[in-house]
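The structure under discussion appears below in the form of structure tokens.
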Amino acid sequence: MASRVDHAALFAATPSPYPVLGPDLVIVDVNRAYLAATGRTREDLLGRHIFNAFPDNPADPEADGVRNLDASLHRVLATRQADTMALQKYDIPVMDRPGVFEERWWSPVNTPVLGPDGQVAYIIHRVEDVTAFVKAHQAAHPAAALLSEHLDETQALEAELYARARELQRLNEELRQAHTREREVAVTLQQAMLHAPDLARHRDVAVRYLPATGSLNVCGDWYDVVDIPPDRIALAVGDVIGHGLDAAAVMGMLRSALSAAIRALERPAQALEVLGLYARSIDGALGTTAVKAIIDTRSRLITYSSAGHPPPVLVRSEGRCELLDQATDPPLGTRPVHVPRPQASASYKCGDTLVLYTDGLIERRDEDIDVGLSRLTDVLGDCVGLGTEQFADTVLARLGVASGGRDDVALIVVRL
957 MASRVDHAAL FAATPSPYPV LGPDLVIVDV NRAYLAATGR TREDLLGRHI
1007 FNAFPDNPAD PEADGVRNLD ASLHRVLATR QADTMALQKY DIPVMDRPGV
1057 FEERWWSPVN TPVLGPDGQV AYIIHRVEDV TAFVKAHQAA HPAAALLSEH
1107 LDETQALEAE LYARARELQR LNEELRQAHT REREVAVTLQ QAMLHAPDLA
1157 RHRDVAVRYL PATGSLNVCG DWYDVVDIPP DRIALAVGDV IGHGLDAAAV
1207 MGMLRSALSA AIRALERPAQ ALEVLGLYAR SIDGALGTTA VKAIIDTRSR
1257 LITYSSAGHP PPVLVRSEGR CELLDQATDP PLGTRPVHVP RPQASASYKC
1307 GDTLVLYTDG LIERRDEDID VGLSRLTDVL GDCVGLGTEQ FADTVLARLG
1357 VASGGRDDVA LIVVRL
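Below, the structure written as structure tokens:
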């Protein structure tokens, strides 16, 4: 039988310096190489915030080590991807000389360790101390004499790489800031378009919106929750073809139109008929799928209609799942002439759960949709004892899209 690997011993003996940080940037572990490189003990570092243990050198007005490292660590937390930093000047305090800092140069890489929920549980901060190389290079080639004719080919290449690394760092930071501003605008737009004021009145309704991995955090999927007094609730999810700002703009128009239509007509089929007519006048709207459902809390009846959308699922309190697939019609705008859309109803009991979703939750490449539906109902049946918020999170995690997937996902979970 193969012997078990002592990972703690391996980490302690790794020759590269490694501290391990929590998501709050507190040091939770260090290896011997890191203690040797920084002149610290484990007691000096464990439980301390990384920037309390290693602040900027107050005597260096150009010190930017804390700012650069903080930006890199937060990129790792946000993207859940490794971040390689350019060469950094990051002086460290001398332990037995309070207020004195020692010049140090480092080559850092920050790598996330994901937990079971797909979020960053730890960050491995690998740093190679390259101070000796930088100081030797500076001593041999002072800035005033750094001319190509005085350097051999290797030295010239080293100097060029160093200069380019610093310039690349500056340009990358400018690009990241521009991308951050673009994402902030996109997220603000999406949040405004998905705002559902009536949702706040329903503690047993949970909603989720997840853009496709790698997108700007905007997409063409939507959800909506609308009160129809005195005792009905209208729900909708929809999916515009495509991703990004164009799809989000179309989504905003269709969502608003359907929300207005259901308030005026109060019948899901008629509301989708109006939406289909409207979709023909909007570039990029044809082929959109949507499902509309109204819950009548007095009669305990769900009335629904679908425009080419995956069927809602009624999860009975004992775990049995029923697909609401008796009123399905083609996507919006695909019929050459207008015809009435179908509508169906299903009764429910107190404790049942209604789930509406978009196809990103169930569809997988090279897999029949029935396989995805079967996988979904298996998961839903296991979640009947959970509250709606935990129900929604568990479904996303079990189906492997808690951190986003190849396609956008919108989800509504209603405890009836």
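Under the numbering used here, the first residue of the sequence shown is numbered 957, with each subsequent residue one higher. Yeah, the Cβ is synthetic: ideal placement off N, Cα and C, and Gly gets one too. Just so you know, these numbers come straight off a predicted model, no measurement behind them.
- In this chain, I1238 is not harboured by any beta strand (DSSP E), its DSSP state being neither H nor E.
- Per DSSP, T1067 is one residue of the beta strand (DSSP E) stretching across W1061 to L1070.
- Bridge partners of H1081 according to DSSP: N1066.
- DSSP places G1316 in the helix class (H, G or I) of the three-state scheme.
- By alpha-carbon distance to A965, the top candidate from L977, V976 and N987 is N987.
- Rounded to the nearest whole angstrom, the C-alpha separation of T1067 and I1318 is 30 Å.
- Burial check for L1025: the Cβ neighbour count within 10 Å reaches 16 or more, so the residue is buried.
- The beta carbon of A1225 lies closer than 6 Å to those of S1261, R1297 and Q1299 in the same chain, with the five residues before and after it left out.
- In the three-state DSSP reduction, D1000 falls in the helix class (H, G or I).
- In the DSSP assignment, L1191 forms a beta bridge with V1181 and A1249.
- Between V1247 and V1193, the CB-CB gap stays under 8 Å.
- Rounded to whole angstroms, D1154 and D1349 show a C-alpha spacing of 21 Å.
- In the same chain as R1031, and ignoring 5 residues on each side of it, the C-beta atoms closer than 6 Å to its own belong to D1039, in chain order.
- In terms of CA proximity to Y1313, L1336 leads the group N1013, H1005 and L1336.
- Under the Cβ criterion (8 Å, minimum of three pairs), the segment 1011-1022 does not count as touching the segment 984-1000.
- D1195 places its beta carbon 8 Å or farther from that of D1180.
- Within the same chain, L1231 and Y1234 come within 6 Å of A1213 by CB-CB distance, once the 5 residues on both sides are set aside.
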